[in-house]
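Note sheet for the following structure.
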Amino acid sequence: MLTKLEEPFKSYWIGKAKKPSLLPREHSINKEQTENQADTWLKMKQSLQYTAQKKWG
């Protein structure tokens, strides 16, 4: 009693409206944004370390 199952998303991707598409250019992430975000996280990490050291160390 072996039955072949249909591919899970076969019916989902049929039709042009349901095809995946890339994000528009205005929503893409550029190198400058990622560098600024890395700088922000580094500053936050340093301030947390400083605060923790001041409070508990």
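Under numbering that gives the first Met the number 0, think of the first position of the sequence shown as 0, with each following residue one higher.
We treat Cβ as the ideally placed atom computed from N, Cα and C, and that holds for glycine.
{"query": "W55 to W40 span [Cα, whole Å]", "result": "22 Å"}
{"query": "For S27 and T33, the rounded distance between their alpha carbons", "result": "11 Å"}
{"query": "DSSP state of S27 mapped onto helix, strand, coil", "result": "coil"}
{"query": "Alpha-carbon to alpha-carbon, K42 and T50", "result": "12 Å"}
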